[in-house]
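Working notes, structure below.
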Amino acid sequence: MMIETLVISIILGKLRGGKLANLADISLAKWGFIPAGFFLSYISISLITQGNSFLMKNFVFIQLASNSLLLLTLYFNRKIKPFNLVTMGIVSNVIPMTFNGGRMPVSQWALQKAGLVEELSLIADNRIVTHTLIDSNTDFVFLADTIPLIYKVISIGDIFIALGIFLIIQNYMTSAEPLQRS
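Quick note, the sequence shown lines up with residues 330 to 511 if you use my numbering.
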């Protein structure tokens, strides 16, 4: 959903007379935590798919560490108001993942509705590391991936993240002065 949000926001920003070059004015404190968080998640998932059972057993802690790095950057930039929406979204996604073994629970019905039958099969066979099907033991179902779109299933947290990113891009592209962290 992030790619779609970026593309739509940039197009709308241009239609509103915004400047793409203004995005270069985004100044983030502690921005290095963002790639570090993604790198930690990517490497651990890659190693798990290669059969690393230790990492799989501790996946919840890896996910917490990865998301904590992202949240640190957001904390240090909390004066930029739309980042608060992104923070709410990440926290809304971290909660069900934390209480369900580090994996995001996803609705079987929503996967079917979105036409993701192959993904449903892979998740049911435990072949996708990052997701698990919702069942009677799933905690925080209301924060899980339950909203079907045409080609994916998203969560309430994903909507908050997308809205925050959308507003950040709109604010920077259409503003004469960059938003301040102060």
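We put the beta carbon where it would ideally sit given N, CA and C, even for glycine. Since the structure is predicted, the reported quantities are computational estimates derived from the model, not experimental observations.
| task | Output the distance between the C-alpha atoms of R510 and M426, rounded to the nearest integer angstrom. | result | Here residue 510 refers to the residue found at position 181 when the sequence shown is read from its first residue. Here residue 426 refers to the residue found at position 97 when the sequence shown is read from its first residue. Residue confidence is low: R510 scores 45 on pLDDT, short of 50, so the model does not pin down where it sits. Its coordinate-derived value is still stated next. CA-to-CA, the gap between R510 and M426 works out to about 30 Å.
| Status (buried if at least 16 other CB within 10 Å, exposed otherwise) for P364 | The residue labelled residue 364 in the question sits at position 35 within the sequence shown. Exposed.
| Start-to-end residues for the beta strand (DSSP E) that takes in M331 | What you label residue 331 is simply residue 2 of the sequence shown in a count that begins at 1. Where M331 is concerned, there is no enclosing beta strand (DSSP E), although the alpha helix (DSSP H) it sits in stretches over M331 to L344.
| field | Identity of the residue in F495, N500, T503 and M502 nearest I332 by Cα | value | The residue you call residue 332 lines up with position 3 of the sequence shown. Comparing Cα-Cα distances from I332 to each of F495, N500, T503 and M502, the minimum goes to F495.
| query | Are F412 and I498 touching if we call contact CB-CB under 9 Å? | reply | Counting from one through the sequence shown, the residue named residue 412 turns up at place 83. Counting from one through the sequence shown, the residue named residue 498 turns up at place 169. The answer is no: Cβ separation not under 9 Å.
| field | Chain-order list of residues whose beta-carbon lies under 6 Å from that of K442 (same chain, five-residue window excluded) | value | Within the sequence shown, the letter at position 113 stands for residue 442. Only P477 meet the Cβ criterion.
| So L401 is in the alpha helix (DSSP H); what residue range does that whole segment cover? | Reading the sequence shown from its first residue, position 72 is the one you call residue 401. Taken as a continuous stretch (DSSP letters only), the alpha helix (DSSP H) holding L401 covers F388 to F405.
| query | Hey, P301 and D487: beta-carbon distance below 9 Å or not? | reply | Any property of residue 301 remains undetermined from this structure, which presents the chain solely from 330 to 511.
| message | Please classify R407 as buried or exposed, where buried requires at least 16 neighbouring CB atoms within 10 angstroms. | response | The residue labelled residue 407 in the question sits at position 78 within the sequence shown. Label assigned to R407: exposed.
| field | Integer-rounded CB distance, given that N429 should sit under 8 Å from D454 | value | Reading the sequence shown from its first residue, position 125 is the one you call residue 454. Reading the sequence shown from its first residue, position 100 is the one you call residue 429. With 8 Å as the limit, D454 and N429 do not qualify as a contact, their Cβ atoms being about 17 Å apart.
| query | So, using beta-carbon positions, are F489 and V415 closer together than 9 Å? | reply | Along the sequence shown, one-based indexing puts residue 489 at 160. Along the sequence shown, one-based indexing puts residue 415 at 86. Yes, these two residues count as a Cβ contact at 9 Å.
| message | I'd like to know whether the C-beta atoms of V482 and S436 end up nearer to each other than 9 Å. | response | Along the sequence shown, read from residue 1 onward, the residue named residue 482 stands at position 153. Along the sequence shown, read from residue 1 onward, the residue named residue 436 stands at position 107. Yes, the Cβ-Cβ distance between V482 and S436 is below 9 Å.
| query | Which residues in the same chain have their Cβ closer than 7 Å to the Cβ of I479, if we skip the five residues on either side of it in sequence? | reply | Counting from one through the sequence shown, the residue named residue 479 turns up at place 150. Closer than 7 Å at Cβ, skipping near neighbours: A443.
| message | Taking the alpha carbon of L403 as the reference point, which residue from G346, G361, V336 and M330 has its own alpha carbon closest? | response | Residue 403 sits at position 74 when you count from the first residue of the sequence shown. It is G361 whose Cα lies nearest to the Cα of L403.
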